[in-house]
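Which chain is which? The protein sequence lines are A and B, in order.
Position in the first sequence (from 1) plus 39 gives the number in this note's numbering.
Position in the second sequence (from 1) plus 39 gives the number in this note's numbering.
The C-beta atom is built at its ideal place from N, Cα and C for all residues, glycine as well.
Only a predicted model underlies this, so the values are computations on that prediction, with no experimental measurement involved.
Number of protein chains: 2
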Amino acid sequence: QGTRDHAPAHAALRDRLLAAVVACFKRHGAAAIDTPVLELRETLMGKYGEDAKLIYELQDQGGELLALRYDLTVPFARYLAMNKITNMKRYHVAKVYRRDNPATTRGRYREFYQCDFDIAGWFDPMIPDAECLKIVHEILSDLHLGDFLIKVNDRRILNGVFAVCGIPESKFITTCSAVDKLDKMPWEEVRSEMVGEKGLSPEAADHIGEYVQLHGGLDLIERLLQDPKLSQNKLAKEGLGDMKLLFEYLTLFGITGKISFDLSLARGLDYYTGVIFEAVLLQQENDHVEDPVSVGSVAGGGRYDGLVGMFDPKRRKVPCVGVSIGIERIFSILEQRVKASGEKVRTTETQVLVATPQKHLLTARLKLISELWDAGIKAEMLYKKDPKLLKQLQYCENMGIPLAAIVGEQELTDGVVKLRDVATREEVRMPFYIKFQKC
Amino acid sequence: QGTRDHAPAHAALRDRLLAAVVACFKRHGAAAIDTPVLELRETLMGKYGEDAKLIYELQDQGGELLALRYDLTVPFARYLAMNKITNMKRYHVAKVYRRDNPATTRGRYREFYQCDFDIAGWFDPMIPDAECLKIVHEILSDLHLGDFLIKVNDRRILNGVFAVCGIPESKFITTCSAVDKLDKMPWEEVRSEMVGEKGLSPEAADHIGEYVQLHGGLDLIERLLQDPKLSQNKLAKEGLGDMKLLFEYLTLFGITGKISFDLSLARGLDYYTGVIFEAVLLQQENDHVEDPVSVGSVAGGGRYDGLVGMFDPKRRKVPCVGVSIGIERIFSILEQRVKASGEKVRTTETQVLVATPQKHLLTARLKLISELWDAGIKAEMLYKKDPKLLKQLQYCENMGIPLAAIVGEQELTDGVVKLRDVATREEVRMPFYIKFQKC
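#1: Excluding the five sequence neighbours on either side, which residues of its own chain have a C-beta within less than 6 Å of the C-beta of Val-328/A, listed in chain order?
#2: List the residues of chain B whose Cβ lies closer than 7 Å to the Cβ of Gly-293/A, in chain order.
#3: At a cut of 8 Å, does the region 153-164 of chain B reach the region 416-430 of chain A through at least three beta carbon pairs?
#4: Does the beta-carbon of Arg-262/B have 16 or more other beta-carbons within 10 angstroms, so that it is buried, or is it exposed?
#5: Any heavy atom of the ligand MG closer than 7 Å to the Cβ of Tyr-136/A?
#6: Which same chain residues, not among the five before or five after Ala-462/B, have their C-beta less than 8 Å away from its C-beta?
#7: List the residues of chain B whose Cβ lies closer than 7 Å to the Cβ of Tyr-87/A, in chain order.
#8: What does the alpha-carbon distance come out to for the pair Phe-286/A and Glu-232/A?
#9: Would you kindly report the start and end of the unbroken alpha helix (DSSP H) that includes Ile-212/B?
#10: In chain order, which continuous runs of the alpha helix (DSSP H) of length 4 or greater are located wholly inside the region 411-438 of chain B?
#11: So, using beta-carbon positions, are Leu-83/B and Ala-106/B closer together than 8 Å?
#12: Could you check whether the Cβ of Pro-267/B sits closer than 8 Å to any Cβ belonging to chain A?
#13: To which residues of the same chain is Asp-54/B closer than 6 Å at the C-beta, ignoring the five residues directly before and after it?
#14: Going along chain A, which residues have a C-beta under 7 Å from Ala-244/B?
#15: I need the DSSP call for Val-486/B, collapsed to helix, strand or coil.
#16: Just to make sure I have the definition right: I need the residues of chain A whose C-beta is within less than 8 Å of the C-beta of Arg-129/B. Which are they?
#17: Run down chain A in chain order and give the residues with a C-beta less than 9 Å from the C-beta of Ile-343/B.
#18: If we define contact as Cβ-Cβ less than 8 Å, is Ile-366/A a contact residue for chain B?
#19: Taking only runs of the beta strand (DSSP E) that begin and end inside the region 173-255 of chain B, which ones reach a length of at least 3 residues, in chain order?
#20: Grouping DSSP H, G and I as helix and E and B as strand, with all else coil, what is Pro-470/B?
#21: Can you grab the Cα-Cα spacing for the pair Ser-303/B / Asn-192/B, in whole Å?
#22: Val-60/B lies in the alpha helix (DSSP H); which residues open and close that run?
#23: Taking a cut of 8 Å between CB atoms, which residues from the region 454-470 of chain A lie near chain B?
#24: With 16 as the cutoff for other CB atoms within 10 Å, does Lys-92/B come out buried or exposed?
#25: Say whether chain B places a C-beta atom closer than 8 Å to the C-beta of Phe-162/A.
#26: Residues of chain A with CB under 8 Å from Tyr-288/B, in chain order?
#27: In terms of residues, what are the limits of the alpha helix (DSSP H) holding Ile-445/A?
#28: Between the region 270-284 of chain B and the region 198-206 of chain B, do three or more beta carbon pairs fall short of 8 Å?
#29: Tell me the start and end of each unbroken alpha helix (DSSP H) in the region 95-170 of chain B that is at least 4 residues and wholly inside, in chain order.
#30: Less than 6 Å between C-beta atoms, sequence neighbours within five positions excluded: which residues of the same chain meet that for Val-229/B?
#31: At least one CB of chain B closer than 8 Å to the CB of Gln-98/A: is that the case?
#32: Does the beta-carbon distance from Tyr-87/B to Tyr-109/B come in below 8 Å?
#33: Is Val-76/A close to chain B, meaning its C-beta is less than 8 Å from at least one C-beta of that chain?
#34: Along chain A, which residues have their Cβ under 9 Å away from the Cβ of Tyr-95/B?
#35: Would you identify the three-state DSSP class for Asp-73/A, choosing helix, strand or coil?
#36: With 16 as the cutoff for other CB atoms within 10 Å, does His-45/B come out buried or exposed?
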């Protein structure tokens, strides 16, 4: 339940999608790494907050206590610390596992692909962060998913806001997770959760509300930098200064049109320490789709400067920033679009079917196909001794094979092969000598 | 333990290797499918004989009882039965899991890739089987692994041999697993295991010994077809007849030079019902390798006509034949060869580094690299505001980046970019207008 087989049409479409994402990661100079699906349980514990209950654990059959990886970020941080790597740009495309309630219509599964790109190392501020946003912009543009918006915020700004609103530091994380719900529920409900469950004062909640409902661009950053309270808060000031720098870089990249500085963005995970971002599609389906999918965010990420240090015996930090592409959600949109368009996804790449119009020509077909394979040509034949020509041509049509290479008795005598364009039925004779043997 | 991270140089080499294997599978018209890493425990039980103890089981955290897949064949058979598919040619490249004693120097891990190609369906005899052997031949040739031999046998012939030697049918499987050890120990030891542990009579064991030490080609098949006892056994006769047909087809493919009909080949798994085969490297290392790897078999497979029926409620059979490429063993050979040659594996595909010779040119670099990315060019820059030119060129040399695109103040004024060949230090100036901004 919540896992699935990928049938050929699925797998072919998914491979195309992954290829586009990987092409972008490679364009940005990332190297591939791969880590095991199994991690030590202790590696995963204490990294995901409340979500730790969704981790799949392996049975104790002797040996180490193991669990299935929950994401690709924690294994990456563990990998950097274990190998004492302080500088790396890597991508990783692999499956992760969550004991979640699957919502399969929305592209949510218990086993699903993640596509991550991360930059680790001590660098000048906001240059790698800006590149991560550029990558999201490139991928969402390349895939023609329709209009999108990338919301950006900074954990330091959020924490600064909480501080100036009089929230004690011990309640930052829980307040953060309340703010995180603003994309799903109206402010009033979030406010009553803050006052009720989280125990904030109504005044503090209202004060937070004034901030977290703001969104804009450079103008908003400038305004907040002038804000009498926020500008007094060290963290907020740092965050806002970096946000301004980020917007300058994004302007050079020419992508600010799709970026929104949004103070309501909080992101669920504990380990973020700086910039955070999330991309959402603005129009999630085109008119042809009968059953529109609600997809939510299709990419997200941020800066996590403390995570690698948690795995280092000496707590040495390696700053990191990264992005994860929500490939499963994007896949379910593309799949619906393909379905709606009636387009047939080819599941193989076969270029030519080796066919015969008469009986007793298996030998000739085997010889011909063998030479085609050896020449690097993608070729198939039916696994029958004497298939009917019609069946062979129908197979081409069903599978989208563009050409048939036909050898009949006449062709063998003449030392040629008849090459037939399956769609147009045009035929040309090509020299091809096969030693004749009846079989 | 027994799992590993794949560092960039590993991952890059492995990706190349997998790409070569997948290219061959696609050349033969296979479609990709993907199945979950998690299978129901009951799906895996009773399929692997004694090896079932090596299956990783998940903890019971509520919901179904799960296990990690042990190979790709059983999930494929389960997939066919579940979806009532009776005709399919598919490949699957994915990781499988075994709680084995890892022998990591020989490329044996607890988490490892399998690359499988299988043909399912009711076809004329030996045509798909011959294609599987052709695939093994193509892949091992393409990878230039040195000389190799593909041993072929048939479970029906083995069972026929056991029958004419007076072994009761109840002891076929256990006798088979004794024979399977002939590639690792001499006949005398196998014989004493048969007589001791397995309880065969010394006469029966000696009789079996006369057969299972035979190997050859068409001549041997013909001889056994004339064997007064074997030719009376229905199973053996069927198997030998098909083996003859197989060799005819392999002759047409021109690959019999590397095929040996070998009666000692038994293969461990229970589910084989017809042709079985296994490829071994004859010279496993070249002279440059200091620490030669013993690799054993690098590919194997066979016909399993009964497995799909085990998953079908009405026990409907779908005949299958397939091959699995031992990619991890091949990888450890290639890796040692690369090490020995001193060749540096590039881990990224970056074509050009955007560099500056002076300070205060971050803006120009960001503009230029953004345009390169948008033009689909694989480009990197150092994440520093003012890196030294020497550092930038050293980065190119370390990472194998062939070109540097240099923008200095003069270039900006002239509206050009200096393109430098890192290896030859040749430079050309190319028109490239960037609006100048100090940063």
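So, from the listed chains and residues:
#1: Here residue 328/A is taken as the residue at index 289 of the first sequence, counted from 1. Annotation note: pLDDT 46 at Val-328/A (below 50); position unreliable, coordinate value reported separately. Gln-375 and Ala-379.
#2: Stepping through the first sequence from its first residue, residue 293/A is reached at position 254. Ordered by position in chain B, the residues that pass the 7 Å Cβ test against Gly-293/A are Ser-409.
#3: Under the Cβ criterion (8 Å, minimum of three pairs), the region 153-164 of chain B counts as touching the region 416-430 of chain A.
#4: Taking the second sequence and counting its residues from 1, one reaches residue 262/B at position 223. With fewer than 16 other Cβ atoms within 10 Å, it is exposed.
#5: Absence of the ligand MG is noted for the structure shown, with no ligands found whatsoever.
#6: What you label residue 462/B is simply residue 423 of the second sequence in a count that begins at 1. The residues are Pro-441.
#7: As a first step, residue 87/A is located in the first sequence; it is residue number 48 there, counting from the start. Counting only Cβ-Cβ distances below 7 Å, Tyr-87/A has no contacts in chain B at all, with the closest Cβ about 16 Å away.
#8: To locate residue 286/A, count along the first sequence from 1; it is residue 247. To locate residue 232/A, count along the first sequence from 1; it is residue 193. Phe-286/A and Glu-232/A: Cα-Cα distance of roughly 33 Å.
#9: The residue labelled residue 212/B in the question sits at position 173 within the second sequence. Its alpha helix (DSSP H) spans residues 211-218.
#10: Qualifying alpha helix (DSSP H) stretches, in chain order: 428-438.
#11: For the purposes of this step, residue 83/B is taken as the residue at position 44 of the second sequence. For the purposes of this step, residue 106/B is taken as the residue at position 67 of the second sequence. Cβ distance < 8 Å, so Leu-83/B and Ala-106/B count as in contact.
#12: Along the second sequence, read from residue 1 onward, the residue named residue 267/B stands at position 228. Cβ-Cβ to chain A under 8 Å: no for Pro-267/B.
#13: Here residue 54/B refers to the residue found at position 15 when the second sequence is read from its first residue. Hits under 6 Å: none found.
#14: For the purposes of this step, residue 244/B is taken as the residue at position 205 of the second sequence. Correct list: empty, because the minimum Cβ distance to chain A is about 37 Å.
#15: The question about residue 486/B has no answer, for chain B in this structure spans 40 to 478.
#16: Reading the second sequence from its first residue, position 90 is the one you call residue 129/B. Those within 8 Å of Arg-129/B in chain A are Pro-47.
#17: As a working note, residue 343/B is residue 304 in the second sequence. In the sequence as presented, Ile is not what sits at residue 343/B; that position holds Tyr. Per Cβ cutoff of 9 Å: no residues; Tyr-343/B is ~16 Å from chain A at best.
#18: Working through the first sequence from its first residue, we reach residue 366/A at position 327. Not one beta carbon of chain B lies nearer than 8 Å to the beta carbon of Ile-366/A.
#19: Taken in chain order, the unbroken stretches of beta strand (DSSP E) that lie wholly in the region 173-255 of chain B and span 3 residues or more are 187-193.
#20: Within the second sequence, the letter at position 431 stands for residue 470/B. Strand, per DSSP.
#21: Numbered from its first residue, the second sequence carries residue 303/B at position 264. Numbered from its first residue, the second sequence carries residue 192/B at position 153. Cα-Cα distance, rounded: 8 Å.
#22: For the purposes of this step, residue 60/B is taken as the residue at position 21 of the second sequence. Its alpha helix (DSSP H) spans residues 47-66.
#23: Listed by position along the chain: nothing, the set is empty.
#24: The residue labelled residue 92/B in the question sits at position 53 within the second sequence. The C-beta of Lys-92/B has fewer than 16 other C-beta atoms within 10 Å across all chains shown, which makes the residue exposed.
#25: Counted from its first residue, the first sequence places residue 162/A at position 123. Chain B contact via Cβ: present.
#26: Along the second sequence, one-based indexing puts residue 288/B at 249. Within chain A, the residues near Tyr-288/B are Leu-405.
#27: On the first sequence, residue 445/A is found 406 positions in, with the first residue counted as 1. Looking at the DSSP string, Ile-445/A is not in any alpha helix (DSSP H); the run it does join, the beta strand (DSSP E), is 442-445.
#28: The region 270-284 of chain B, when compared against the region 198-206 of chain B, does touch it at the 8 Å Cβ threshold.
#29: Positions of the alpha helix (DSSP H) runs, each at least 4 residues long and wholly inside the region 95-170 of chain B, are given as 112-121 in order along the chain.
#30: Locating residue 229/B in the second sequence gives position 190, where the first residue counts as 1. Cβ neighbours of Val-229/B beyond the five flanking positions: Ala-217, Lys-220 and Leu-221.
#31: Residue mapping note: residue 98/A aligns to position 59 of the first sequence, counting from 1. Closer than 8 Å: yes.
#32: Translated into positions along the second sequence, residue 87/B becomes position 48. Translated into positions along the second sequence, residue 109/B becomes position 70. Tyr-109/B sits close to Tyr-87/B, with the two beta carbons spaced by under 8 Å.
#33: Along the first sequence, read from residue 1 onward, the residue named residue 76/A stands at position 37. Interface residue, yes.
#34: Position 56 of the second sequence, counting from 1, holds the residue named residue 95/B. Proximity of chain A to Tyr-95/B at the Cβ level (cut-off 9 Å) is accounted for by Leu-77, Leu-97, Gln-98, Gln-100 and Leu-105, in chain order.
#35: As a working mapping, residue 73/A is identified with position 34 in the first sequence. DSSP places Asp-73/A in strand when its eight states are reduced to three.
#36: As a first step, residue 45/B is located in the second sequence; it is residue number 6 there, counting from the start. A buried status is given to His-45/B, since no fewer than 16 other beta-carbon atoms sit within 10 Å of its beta-carbon.
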